[in-house]
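Letter 224 of the sequence shown, counting from 1, is numbered 228 in this note's numbering, and no numbers are missing.
We put the beta carbon where it would ideally sit given N, CA and C, even for glycine.
Only one structure is covered here, and it is reproduced in the block below.
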Amino acid sequence: MRCRVGVLAFSFSAILLAQSPVPSGFEAWPVPIEKRVFAGSFSRSPGERAIKLAGCRNEFLSAQLAVRNSKESELSYQVEPLRGPEAAAIPAEEIRVRFGAYLPVDETGQYTADPLLESKSIRLPANLAQPVWLTIHVPKGIAAGKYAGSLRLAAGGESLDVPLEVEVFSATLPDPPDYSYYLNLWQDPNGVARAHKVDLWSEAHWQLLARYAENLAMHGEKSIMTSIIHDPWNAQTGYIFPTMVEWKHPGEWKQGEAPKFAWD
5 MRCRVGVLAF SFSAILLAQS PVPSGFEAWP VPIEKRVFAG SFSRSPGERA IKLAGCRNEF
65 LSAQLAVRNS KESELSYQVE PLRGPEAAAI PAEEIRVRFG AYLPVDETGQ YTADPLLESK
125 SIRLPANLAQ PVWLTIHVPK GIAAGKYAGS LRLAAGGESL DVPLEVEVFS ATLPDPPDYS
185 YYLNLWQDPN GVARAHKVDL WSEAHWQLLA RYAENLAMHG EKSIMTSIIH DPWNAQTGYI
245 FPTMVEWKHP GEWKQGEAPK FAWD
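Dropping the structure here:
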């Protein structure tokens, strides 16, 4: 009986090994933008690298790649214009490439790729997936049709070409600040202060908030979320949201004395 159990265990392990992808050299594969890339991410078809997008003129399109190498190396990239009809092109400067950085996330208990780094290269540890995020802005006055080019990735003396194709529709979107839909991305000024290690509501904090507000406005944000009580969500994100409004009341508060409250 012991022998049979041993054979079953060995066979089961062999099946798992046979089905598990084994990293082979330098590889890259597309990942849907709705899906997180983790360090252990893999693809069963790493040779299928083409990215195809479609959108209107003046639209911002996004795509994501995961990259891995079997040895530690430095990952860099080079992007070329996307050529289309009538000698038109989407210039290389309209194609933004950023690297996802891993941070410890308490809710998942995992290192999770979240911030996007503005860098021409990044260290690529052996056999760990590195997310690469693409943002393509389709120029306003460009001709409709299909545009094609490639993104070249290089690491450890090897290179890979990722084919890029964008189908441009004839419609033209307004600039994001002129969008008619209601965009409401919640903001946490305390989180900005904490991340940048500055005092809450200090001059340095206000300067940072101005940059964040400008970025939000450029994406079409037209509102500012304001916390008017202390910790309204009971620290469900792992951090307290302090009130953005100072409450003042003369003496000890008693039932029915709400009119005596004053705010900054």
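- Distances from the alpha-carbon of Val83 to those of Lys124, Asn219 and Pro236 put Lys124 closest.
- Following the DSSP letters along the chain, one finds Tyr183 in no beta strand (DSSP E), marked with neither H nor E.
- Per DSSP, reduced to three states, the secondary structure at Val170 is strand.
- In the DSSP assignment, Val196 falls within the unbroken alpha helix (DSSP H) covering Pro193 to His200.
- Going by DSSP, Arg72 is part of the beta strand (DSSP E) stretching over Phe64 to Arg72.
- For His209, the uninterrupted alpha helix (DSSP H) segment begins and ends at Glu207 to Met222.
- In the displayed model, Pro263 falls within a helix according to three-state DSSP.
- Looking at the DSSP output, Ile37 shares a beta bridge with no other residue.
- Straight across, the Cα-Cα distance linking Lys150 with Asp110 is about 43 angstroms.
- By the C-beta density criterion, Gln134 is buried, having at least 16 other C-beta atoms within 10 angstroms.
- Around the beta carbon of Leu79, a 10 Å sphere encloses 16 or more other beta carbons of the protein chains shown; the residue is thus reported as buried.
- Where Pro119 is concerned, the enclosing beta strand (DSSP E) starts and stops at Gln114 to Leu121.
- For His141, the uninterrupted beta strand (DSSP E) run begins and ends at Gln134 to His141, by DSSP.
- Following the DSSP letters along the chain, one finds Arg127 inside the beta strand (DSSP E) bounded by residues Ser125 to Leu128.
- For Asn238, the number of other beta carbons within 10 angstroms of its own is below 16, and it is reported as exposed.
- Under the DSSP assignment, Gly149 falls in the beta strand (DSSP E) whose first and last residues are Gly149 to Ala159.
- Each of Ser231, Arg127, Val142 and Glu169 was checked against the Cα of Trp190, and the nearest Cα belongs to Ser231.
- Ranking Gly104, Gly44 and Glu171 by CA distance to the CA of Asn131 puts Gly44 first.
- Judged by DSSP secondary structure, Ser45 falls outside any beta strand (DSSP E); it is assigned neither H nor E.
- In this structure, the straight-line span from the alpha carbon of Gln68 to that of Glu122 is close to 15 angstroms.
- Thr247 is positioned such that its CB atom lies closer than 8 angstroms to that of Ile233.
- Looking at the DSSP output, Leu86 bridges to Ile94.
- Straight through space, the alpha carbons of Ser77 and Ala159 are spaced by roughly 6 angstroms.
- DSSP, reduced to helix, strand and coil, places Glu256 outside both helices and strands of the structure shown, so it counts as coil.
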